[in-house]
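Peer 1: Residue numbers (the UniProt record's numbering): 1 to 527.
#1: Here's a check: name, in chain order, each residue in its chain whose Cβ is nearer than 7 angstroms to the Cβ of residue 343, leaving out the five neighbours to either side.
#2: Expressed to the nearest angstrom, what Euclidean distance is found between the alpha-carbon atoms of residue 424 and residue 248?
#3: Closest to residue 213 by C-alpha separation, out of 371, 165, 205, 87, would be which residue?
#4: Anyone know if the C-beta pair for residue 408 and residue 163 falls short of 9 angstroms?
#5: Return the CA-CA distance between residue 223 and residue 193, expressed in angstroms with no decimal places.
#6: Helix, strand or coil, according to DSSP, for residue 518 in the structure here?
#7: Please state whether DSSP places residue 307 in a helix, a strand or coil.
#8: Would you decide whether residue 93 is buried or exposed? Buried here means 16 or more other CB atoms lie within 10 Å of its CB.
#9: Please classify residue 523 as buried or exposed, where buried requires at least 16 neighbouring CB atoms within 10 angstroms.
#10: Spatial neighbours of residue 243 within its chain, please: CB distance less than 6 angstroms, with the 5 preceding and 5 following residues excluded, ordered by chain position.
#11: Once the 5 residues before and after residue 426 are set aside, which same chain residues still bring their CB inside 6 angstroms of it?
#12: Excluding the five sequence neighbours on either side, which residues of its own chain have a C-beta within less than 7 angstroms of the C-beta of residue 457, listed in chain order?
#13: Taking the C-alpha atoms as reference points, what is the distance between residue 526 and residue 361?
#14: Per DSSP, what kind of secondary structure is residue 523 in: helix, strand or coil?
#15: With distances taken from CA atoms, which of 479, 453, 465 is nearest residue 113?
#16: What are the start and end residues of the alpha helix (DSSP H) that includes residue 117?
#17: Would DSSP call residue 458 helix, strand or coil?
#18: Rounding to the nearest angstrom, what Cα-Cα distance links residue 316 and residue 68 in this structure?
#19: Could you give the DSSP three-state label for residue 407: helix, strand or coil?
#20: Let me know if residue 395 comes out buried or exposed under the rule of 16 or more other beta-carbons within 10 Å of its beta-carbon.
#21: Determine the closest residue to residue 64 out of 278, 400, 161, 421, with distance taken between C-alpha atoms.
#22: What is the C-beta distance between residue 275 and residue 267, in whole angstroms, given that I count them as a contact (C-beta under 8 angstroms)?
#23: Is the beta carbon of residue 200 sitting closer than 9 angstroms to the one on residue 420?
#24: Buried or exposed, going by whether 16 or more other CB atoms sit within 10 Å of the CB of residue 189?
#25: Taking the beta carbon of residue 501 as the centre, do at least 16 other beta carbons fall within 10 Å, making it buried, or is it exposed?
#26: Which residues in the same chain as residue 370 place their Cβ atom closer than 7 angstroms to its Cβ, once the five residues preceding and following it in sequence are excluded?
#27: Quick one, are the C-beta atoms of residue 516 and residue 422 less than 9 angstroms apart?
#28: Counting only the same chain and skipping the five closest in sequence on each side, list residues whose C-beta sits under 7 angstroms from that of residue 304.
#29: Going by the CB atoms, is the gap between residue 105 and residue 451 shorter than 9 angstroms?
#30: Which first and last residues belong to the alpha helix (DSSP H) in which residue 392 is found?
#31: Our contact map puts residue 327 next to residue 96 with C-beta atoms below 8 angstroms; I'd like the distance itself, whole angstroms only.
#32: Quick one: give me the first and last residue of the alpha helix (DSSP H) that residue 357 is part of.
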């Protein structure tokens, strides 16, 4: 229902204290007026950060103490988060590297059989995305994530299988287990960092995909050079080594990363309270274990959710194609040998490793991550045009291929938007899951655009990449305008209420009441 201005005058005029007492769960404590003018009930079913928020009200957080705490958080979290993301991308490039090391020949892959090797991973990802998101909400975040990592390491080792059917099954299972990583990383980032810090940190850990690509290619090159000395095929050793590395990372993650800042072993009790004070301006906290149907419905009816979906779909058609056929493209289209291909395959990784954090750093100066993302996608589009249309200029095509390393900046922008601009824990997980469905569908379609009959140049696939990035560029522009316009309307509504002398509700710790971005009148979207 929508409240009139007269009704608003009588709502929330008293000071209300929101308490995380168990007895209050499900009971309405008070009501507030949303930015859209609707009456919203605030219940005791609050965020997990609420207890610390109440205790932290008397904490003095000076800029010096805040900076020192931020450096400590970065030191303890970012290296392992980056290593994890490098490992999860390494197994995708391992698939492409294995293809030129004898995988296709040994498993008798003909026609489009290898195409389905790439797509099967995302079938598993797609099928398990919603169940996995639900598990991440119900169970301890870091512990549940580390279990998924450990299991996918085992599955990766088992990829040294002697037949195609077994390999396809294992790729599908791998996708199911890896579907946990991106939502877990997004939640961890929103738990620890302020909204203006999240894009840069996401650029850092996501950019470590590039390190995974480089490290995976280096391992493959070393194995390939000495392949005559092994009793089993080199590509099988590649999967076993990658799987063992993943298992080690899982063990490190289990013991090192806390489920929430409240349980951080590397923070003092006072520093835990300071973390809550730092993120208070986010208008969201650590998360809530209860599924809220109202937030789920809001996620489904929010138009931005579906624009996120189509953006993920379009940007990951190129990703699915390049990640599975990049090495094959270097051999078939550019004419490199296997060893040359493995060496050149490190270049896009270096571009991503340097380029993603660089765009994150530049966004601090333009004060707008959406502009940084738009510029990155525009550069990627130019590179895609070179790859597709510079048919007589090998160097130009190579430059276009290498520039694809900064394409993830667009996805990073979306992930950081989830962290900062989607509030309400159930809504955040739901929007993220829908986005990742688009991610899966795009990566399913991507390998299918590289048809065997189009070899060796795969021109139709290259043209598809150009078209996808062109539309994605317009969608990023829409996001920018949509958030800017919504903020403008909220500011205007607040100014109008103040002009009419309406009393604003005074509510303690409203930031941690687990309200959505459309319910919280104090929420503003970060650009």
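Here a beta-carbon is modelled for each residue, glycine too, at the ideal position from N, C-alpha and C.
Peer 2: Let's see:
#1: Result list for residue 343: 221, in chain order.
#2: 34 angstroms
#3: 87
#4: no
#5: Between residue 223 and residue 193, the C-alpha separation is close to 40 angstroms.
#6: coil
#7: helix
#8: buried
#9: buried
#10: 153, 156, 157
#11: 291, 292, 295, 296
#12: 333
#13: 16 angstroms
#14: coil
#15: 453
#16: Where residue 117 is concerned, the enclosing alpha helix (DSSP H) stretches over 113-138.
#17: In the structure shown, the three-state DSSP call for residue 458 is coil.
#18: 38 angstroms
#19: Under the three-state reduction of DSSP, residue 407 is assigned to coil, being neither helix nor strand.
#20: exposed
#21: 278
#22: 7 angstroms
#23: no
#24: So residue 189 counts as buried.
#25: exposed
#26: 413, 476, 479, 480, 527
#27: yes
#28: 482
#29: no
#30: That residue, residue 392, is in no alpha helix (DSSP H); it is neither H nor E in DSSP.
#31: 4 angstroms
#32: 346-366
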